[in-house]
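Numbering (the working numbering), first residue to last: 94 to 694.
This is how it looks when you write it as structure tokens:
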């Protein structure tokens with residue numbers, strides 16, 4: 094049976110419940126601008142009333158309430174929205190990373206502009222045409238040399254800038270690996286704290302928020318899947334390109350760590366070949382073992398070297414291109430990260446059986462790896478361009494299939510190197526003496542100096558600008574000759590075994606465009622066009638993803654965000670309820686005074 098003291102207990106419970114609610118409101122207001130914070134709500138419920146059915150209960154008109162209590166303090170969160178936001182965040186970061194660096198590649202080429210490679214190439218061909226009209230002019234020869242130097246320097250400068258950008262991408266992959274390791278460690282620690290609180294019968298709302306924020310940040314790096322486990326824990330899986338998701342975290346333990354591949358070394362003929370030597374062509378068979386240098390957790394202070402066995406495994410860690418004649422060209426390290434078994438120990442000594450390449454399917458890692466591959470493609474195209482220019486100009490200029498015969502216009506190393514763009518330069522002999530530039534039809538008998546003649550050879554060199562050739566097939570002078578030269582009667586030039594013995598390229602044969610090919614200028618323009626399309630595609634994807642992600646974030650904020658207006662309303666509501674409960678104490682006090690003191694009168 095209820096009485097005044099029972100009513101007093103009801104009031105006390107009411108005041109405590111409203112005070113708790115005000116505390117939660119205060120917590121919400123204090124964290125209105127805290128990143129990742131989810132608004133919290135107090136769930137109130139009535140306490141067990143008097144008059145529960147039993148043999149001892151008195152007959153009463155109905156159950157009499159005993160007040161209110163706080164059932165729980167929960168956070169407003171939509172888990173389905175979290176999954177969507179993380180998925181779209183991964184996609185957005187993939188394209189944002191690509192767009193940022195593709196814009197840098199566009200800045201390197203500076204096309205179209207007066208200082209770009211296309212304009213420099215145009216001036217180079219123009220100078221040969223000018224020399225053809227005035228072959229005896231020292232000024233015209235000097236202009237050819239100067240424009241040749243400008244062309245070589247522009248190509249080399251662009252190539253080295255691409256190398257620098259490539260290194261910057263590698264540094265970013267290493268930094269993201271370090272950040273990922275840190276995030277995974279923090280999530281594992283939070284999992285342990287959350288489980289301890291949940292086992293104690295409480296809801297760790299703030300810990301959940303901190304973990305969800307870290308999951309959001311992790312989704313920027315790569316696509317993730319999460320699975321809830323007992324007592325509030327979670328498992329995290331990483332989505333892998335063309336493969337099943339890899340479980341990287343289980344409750345309070347990081348199952349698989351991520352390491353950054355800093356270098357890959359192959360020993361060929363007693364010489365170590367490292368990433369600085371890529372691209373490089375190797376003969377088959379490839380070496381049966383190689384070493385990779387890794388930074389465990391992306392930490393430069395945790396460097397380890399791992400020996401990998403089996404030539405086939407090289408293709409798992411490198412971008413390898415198969416060439417004709419049983420040769421292979423190593424273009425770059427790909428991918429730059431590996432998973433390693435971390436449950437063995439916190440920082441185990443890694444071996445081949447403890448690691449596996451990690452090809453992420455989305456996020457910043459995917460964007461950086463794709464970008465690294467694209468930069469390699471632009472380097473490859475620049476190398477192809479430089480090699481084609483060196484081979485075609487040198488062949489016509491020296492009138493020789495042999496790079497050691499006659500005087501080359503460009504240094505012969507650019508004809509054979511896999512990094513032709515890096516080593517393209519004017520032949521030292523021509524740099525010192527422009528009289529050695531071959532402008533005429535005939536060679537002098539000493540084979541060192543060339544007669545000015547009527548400028549026909551200079552004209553042919555200028556005509557290379559408009560000559561279509563199968564550029565990707567031109568790896569040697571022989572291939573160049575087969576590709577664009579015909580006999581005077583239109584038949585193929587010694588197709589069985591091309592030889593220039595007794596043949597004058599200007600006098601005895603003719604330059605003919607290959608209908609299956611393209612000009613050197615158009616090849617470069619296609620490269621720039623491809624770059625522009627890739628960058629525009631990335632920009633378009635960013636615009637679409639940002640619009641989609643903004644909508645999802647707005648929906649999340651409408652559910653989880655702190656509305657100060659709403660909190661002020663709640664504050665007034667709970668404040669008034671607290672005051673009303675306090676007023677009830679005064680009423681009970683007056684009633685007790687009547688009972689205790691009033692009966693004495």
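Every residue, glycine too, gets a C-beta built ideally from N, C-alpha and C.
Bear in mind that the values here come from a model prediction, so they are computed numbers and not experimental data.
Inset, instruction - Check residue 502 in the structure and name its three-state DSSP category. - result: Under the three-state reduction of DSSP output, residue 502 falls in the coil class, being neither helix nor strand.
Inset, instruction - Since I believe residue 231 is in contact with residue 527 (beta carbons under 8 Å), could you give me their beta-carbon distance rounded to a whole number of angstroms? - result: Going by Cβ atoms, the distance from residue 527 to residue 231 rounds to 7 Å, so yes, they are a contact pair.
Inset, instruction - Kindly indicate if chain D contains any beta-carbon less than 8 Å away from that of residue 202. - result: Protein chain content of the structure displayed is limited to a single chain, and chain D is not contained in it.
Inset, instruction - Would you grab the beta carbon distance between residue 225 and residue 548 for me? Rounded to a whole angstrom, and I think it's under 8 Å. - result: 4 Å
Inset, instruction - Reducing DSSP to helix, strand and coil, say where residue 189 ends up. - result: helix
Inset, instruction - Would you kindly check if the distance between the Cβ of residue 400 and the Cβ of residue 384 is under 8 Å? - result: Taking 8 Å as the cut-off, the Cβ atoms of residue 384 and residue 400 count as close.
Inset, instruction - Label residue 609 either buried or exposed according to how many other C-beta atoms from any shown protein chain fall within 10 Å of its C-beta, with 16 as the threshold for buried. - result: By the neighbour-count rule (16 or more Cβ atoms within 10 Å), residue 609 is not buried but exposed.
Legend entry - Complete runs of the alpha helix (DSSP H) confined to the stretch 631-655 [at least 4 residues]: none
Legend entry - Distance, residue 654 Cα to residue 367 Cα: 51 Å
Inset, instruction - Could you spell out the range, first to last residue, of the beta strand (DSSP E) harbouring residue 167? - result: 161-168
Legend entry - Touching by the beta-carbon criterion (3+ pairs, under 8 Å), the stretch 330-349 and the stretch 452-463: yes
Legend entry - Segment contact, 8 Å Cβ cut-off, at least three pairs: the stretch 643-657 with the stretch 112-126: yes
Inset, instruction - Compute the Euclidean distance between the alpha carbons of residue 414 and residue 254, then round it to the nearest angstrom. - result: 23 Å
Inset, instruction - Select from 617, 557, 138 and 641 the residue whose C-alpha is nearest the C-alpha of residue 166. - result: 138
Inset, instruction - State the Cα-Cα distance for the pair residue 464 and residue 263, rounded to the nearest angstrom. - result: 10 Å
Legend entry - Residue range of the alpha helix (DSSP H) that includes residue 305: 298-314
Legend entry - Contacting residues, own chain, Cβ-Cβ under 8 Å from residue 117 (five flanking each side not counted): 133, 134, 135 and 166
Inset, instruction - Within its chain, find whatever has a CB closer than 7 Å to the CB of residue 479; leave out the 5 residues flanking it on each side and keep chain order. - result: 248, 507, 513, 514 and 517
Legend entry - residue 197 vs residue 258 beta-carbon contact at 8 Å: yes
Inset, instruction - Note the first and the last residue of the continuous alpha helix (DSSP H) segment covering residue 555. - result: Run containing residue 555: 549-556, per the alpha helix (DSSP H) assignment.
Legend entry - Classification of residue 665 by the beta-carbon crowding that lies within 10 angstroms, buried from 16 upward: exposed
Legend entry - Residues of its chain near residue 100, where Cβ-Cβ distance is below 7 Å and the 5 sequence neighbours each way are ignored: 681
Inset, instruction - Ignore the nearest five residues each way along the sequence and tell me which others in residue 542's own chain have a CB closer than 7 Å to its CB. - result: With a pLDDT of 46 at residue 542, under the threshold of 50, the modelled position of that residue is not reliable, and the figure given next carries that caveat. Only 528 and 529 meet the Cβ criterion.
Inset, instruction - Count the C-beta pairs between the stretch 177-189 and the stretch 605-622 that are closer than 8 Å, then say yes if the count reaches three, no if not. - result: no
Inset, instruction - Whole angstroms is fine: what's the gap from residue 538's alpha carbon to residue 574's? - result: Confidence at residue 538 is low in this model, with a pLDDT of 40, below 50, so its placement is unreliable and the value that follows should be read with caution. Roughly 24 Å separates the two Cα atoms.
Inset, instruction - For residue 504, count neighbouring C-beta atoms within 10 Å of its own C-beta (all shown protein chains included) and say buried if the count is 16 or more, exposed if not. - result: buried
Inset, instruction - Mind checking which residues open and close the beta strand (DSSP E) that includes residue 561? - result: Element bounds for residue 561: n/a, residue is neither H nor E.
Inset, instruction - Return the chain-ordered list of same chain residues with a C-beta closer than 8 Å to the C-beta of residue 564, the five sequence neighbours on each side being excluded. - result: Around residue 564: 477, 478, 481, 610, 611, 613 and 616.
Inset, instruction - Count the C-beta pairs between the stretch 268-282 and the stretch 338-346 that are closer than 8 Å, then say yes if the count reaches three, no if not. - result: yes
Legend entry - Reduced DSSP secondary structure (H/G/I, E/B, other) of residue 229: It is coil, neither helix nor strand.
Inset, instruction - Report yes if the C-beta distance between residue 554 and residue 489 is below 8 Å; otherwise report no. - result: Yes, the Cβ-Cβ distance between residue 554 and residue 489 is below 8 Å.
Inset, instruction - State the DSSP-derived secondary structure class of residue 353, mapped to helix, strand or coil. - result: strand
Inset, instruction - Within 10 angstroms of the Cβ of residue 326, are there 16 or more other Cβ atoms? Answer buried if so, exposed if not. - result: buried
Legend entry - For residue 443 and residue 762, believed in contact at Cβ under 8 Å, the rounded distance: Residue 762 is absent from the structure shown; the chain starts at 94 and stops at 694.
Legend entry - Cutoff 6 Å; reference residue 472; Cβ partners in own chain excluding five residues on either side: 255
Inset, instruction - Using three-state DSSP, classify residue 124 as helix, strand or coil. - result: The DSSP-derived three-state label of residue 124 is coil.
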